[in-house]
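Just add 151 to wherever you are in the sequence shown, counting from 1, and you've got this note's numbering.
The beta-carbon is built from N, C-alpha and C at its ideal position, and this holds for glycine as well.
Note that the coordinates shown come from a computational prediction; the quantities given were computed from them, not determined experimentally.
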Amino acid sequence: MTRTIFISLLVLTLTACNLAQDTANTIARDQARGVINGIVAERFPGINAAPVTDCVVDNASAQEILTVARAALVGVTDQTVTTVTGILQRPDTVRCIAENALTSLEDFA
């Protein structure tokens with residue numbers, strides 16, 4: 152009986168930790184998304200920054216997300232821009248942007 156209660160509490164604790172971690176990740180990604188969108192809009196005026204931003208976020212590491220998200224609090228630095236442009240140049244990011252651009256163009260056909 153005691154063992155069952157202990158295991159149940161352990162499972163509940165781990166579930167709560169996972170929920171907290173998921174929430175923290177979502178908040179960081181949302182903050183990073185705002186920063187990235189601003190950088191993309193500034194560096195590439197005239198394009199729809201949202202799909203590009205999504206590709207950058209999807210191809211960033213957890214550490215890069217945290218680095219960029221921090222800029223939402225302290226302001227965009229050269230390091231922030233370098234991080235974002237580095238992610239933009241990755242083959243998977245470029246492929247994602249190309250696929251999304253083609254999808255956007257199909258909407259006009």
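The residue from 204, 189, 214, 213 with its alpha-carbon nearest to that of residue 240 is 204. Between residue 188 and residue 179, the C-beta gap is not smaller than 8 Å, which leaves the two residues out of contact. Per DSSP, residue 228 is not a residue of any alpha helix (DSSP H), being assigned neither H nor E. When secondary structure is reduced to three states using DSSP, residue 187 falls in the helix class.
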